[in-house]
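Comments concern the structure below.
Numbering (the numbering used here), first residue to last: 1 to 227.
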């Protein structure tokens with residue numbers, strides 16, 4: 001799951017990024033208004049952490065722009081401004097939650113996870129598909145009572161595919177969402193094939209159906225026949 005941190009305090013932004021990375025999120029940063037606008041136009045994010053006060057512009061204007069674009073990205077406002085008016089304006093403009101500075105990183109992480117659950121999975125902590133149970137809090141997968149051992153990237157890949165179930169996701173979208181700015185957007189996506197292959201093998205070895213289908217020339221689809 002990819003997070004955008006829009007925060008002009010570089011030290012705070014780095015601290016948030018380091019913490020959320022340990023929680024298995026992929027993080028990108030923007031330190032001022034114009035670079036933030038560019039990123040929200042170019043990319044999709046599971047959640048955006050947004051400071052209201054930014055160089056060259058306002059975080060509230062970024063919220064307005066997200067609304068105009070009909071973007072589904074979750075938004076958590078973090079701001080030193082803790083007045084009720086700021087909170088109400090931010091929430092009414094389209095934010096999903098508001099956290100006043102200073103804050104503890106575990107609380108911020110919990111709120112980000114809660115936003116993602118509400119936006120993508122109806123607030124559920126567990127996603128059940130047939131005999132599969134994906135636990136978002138434990139970041140684990142079980143088939144019936146057996147744990148399916150997944151690497152971090154395999155878990156993130158499965159979560160992304162399930163959040164887009166019955167829809168084709170391109171290799172480019174997978175790379176952008178799971179790796180973000182960590183990798184160069186090259187034409188060769190063989191490493192995606194390896195991750196998909198390993199994930200399918202582990203799930204099928206555990207007794208699950210082959211839910212992940214290859215859509216040749218396009219990408220992959222987590223297919224649930226009954227839906």
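Backbone N, C-alpha and C define an ideal beta-carbon position, used for all residues, glycine too.
Through-space distance from residue 158 to residue 113, alpha-carbon basis
For the purposes of this step, residue 113 is taken as the residue at position 113 of the chain shown. For the purposes of this step, residue 158 is taken as the residue at position 158 of the chain shown. About 16 Å.
Where does residue 51 land, buried or exposed, given buried means 16+ other C-beta within 10 angstroms?
Residue mapping note: residue 51 aligns to position 51 of the chain shown, counting from 1. Label assigned to residue 51: buried.
Quick one: complete beta strand (DSSP E) runs, 3+ long, within the segment 102–166?
126–129, 132–135, 140–143 and 146–148
Taking Cβ positions, are residue 115 and residue 74 nearer each other than 7 Å?
Here residue 115 corresponds to residue number 115 of the chain shown, with the count starting at 1. Here residue 74 corresponds to residue number 74 of the chain shown, with the count starting at 1. Contact flag set, yes.
Return the residue from the list 147, 41 and 78 that minimises the CA-CA distance to residue 102.
Within the chain shown, numbered from 1, the residue matching residue 102 stands at position 102. Of the listed residues, the one whose Cα sits closest to residue 102 is 78.
Can you name the start and end residues of the alpha helix (DSSP H) that residue 15 belongs to?
Within the chain shown, residue 15 is the residue found at index 15, counting from 1. 10–22 is the span of the alpha helix (DSSP H), which, as asked, contains residue 15.
Buried or exposed: where does residue 84 fall if 16 or more other Cβ atoms within 10 Å of its Cβ makes it buried?
Taking the chain shown and counting its residues from 1, the one referred to as residue 84 is at position 84. Flag for residue 84 reads exposed.
Apart from the five residues just before and just after residue 162, which ones in its own chain have a Cβ nearer than 8 Å to its Cβ?
Counting from 1 along the chain shown, the entry for residue 162 is found at position 162. Cβ within range, chain order: 127, 129, 134 and 222.
Considering residue 30, what are the terminal residues of the beta strand (DSSP E) in which it resides?
For this step, residue 30 is matched to residue 30 along the chain shown. 26–30 is the span of the beta strand (DSSP E), which, as asked, contains residue 30.
By the three-class DSSP mapping on this structure, what secondary structure does residue 214 have?
Residue mapping note: residue 214 aligns to position 214 of the chain shown, counting from 1. It is a strand residue.
Please report the distance separating the alpha-carbon of residue 92 from that of residue 111.
As a working mapping, residue 92 is identified with position 92 in the chain shown. As a working mapping, residue 111 is identified with position 111 in the chain shown. Their backbone Cα atoms lie some 18 Å apart in a straight line.
DSSP three-state assignment for residue 224, whether helix, strand or coil
Residue numbering aside, residue 224 sits at position 224 when the chain shown is read from its first letter. It is coil, neither helix nor strand.
Give the DSSP bridge partners of residue 175, in chain order.
By one-based count along the chain shown, residue 175 stands at place 175. Per DSSP, none; premise fails for residue 175.
Taking all protein chains shown into account, do 16 or more other C-beta atoms lie within 10 angstroms of the C-beta of residue 201, making it buried, or fewer, making it exposed?
Here residue 201 corresponds to residue number 201 of the chain shown, with the count starting at 1. Residue 201 is exposed by the Cβ-count criterion.
Any chance the segment 27–45 sits against the segment 53–68, with 3 or more Cβ pairs inside 8 Å?
yes
Environment of residue 227 [buried if 16+ CB atoms lie within 10 Å]:
The residue you call residue 227 lines up with position 227 of the chain shown. Only weak support exists for where residue 227 lies, its pLDDT of 49 falling under 50; the value from the coordinates is given anyway. Per the 10 Å Cβ criterion, exposed.
Rounded to whole angstroms, what is the Cα-Cα separation between residue 177 and residue 70?
Taking the first residue of the chain shown as 1, we reach residue 177 at position 177. Taking the first residue of the chain shown as 1, we reach residue 70 at position 70. The straight-line gap from Cα to Cα measures roughly 19 Å.
Contiguous alpha helix (DSSP H) assignments of at least 4 residues, all confined to the segment 32–61
33–42
For residue 42, count neighbouring C-beta atoms within 10 Å of its own C-beta (all shown protein chains included) and say buried if the count is 16 or more, exposed if not.
Start at 1 with the first residue of the chain shown, and residue 42 comes out as number 42. It is exposed - the Cβ of residue 42 has fewer than 16 other Cβ atoms within 10 Å.
Could you compute how far the alpha carbon of residue 40 sits from the alpha carbon of residue 173?
If you number the chain shown from 1, residue 40 lands on position 40. If you number the chain shown from 1, residue 173 lands on position 173. So the two alpha carbons sit approximately 15 Å from each other.
Terminal residues of the alpha helix (DSSP H) in which residue 90 lies
Here residue 90 refers to the residue found at position 90 when the chain shown is read from its first residue. Note, residue 90: alpha helix (DSSP H), 84–93.
Pick out whichever of 124, 203, 137 and 119 has its Cα sitting closest to the Cα of residue 154.
As a first step, residue 154 must be located in the chain shown, where it is residue number 154. Comparing Cα-Cα distances from residue 154 to each of 124, 203, 137 and 119, the minimum goes to 203.
Mapping the DSSP letters down to three states, classify residue 98 as helix, strand or coil.
Residue 98 sits at position 98 when you count from the first residue of the chain shown. It is a strand residue.
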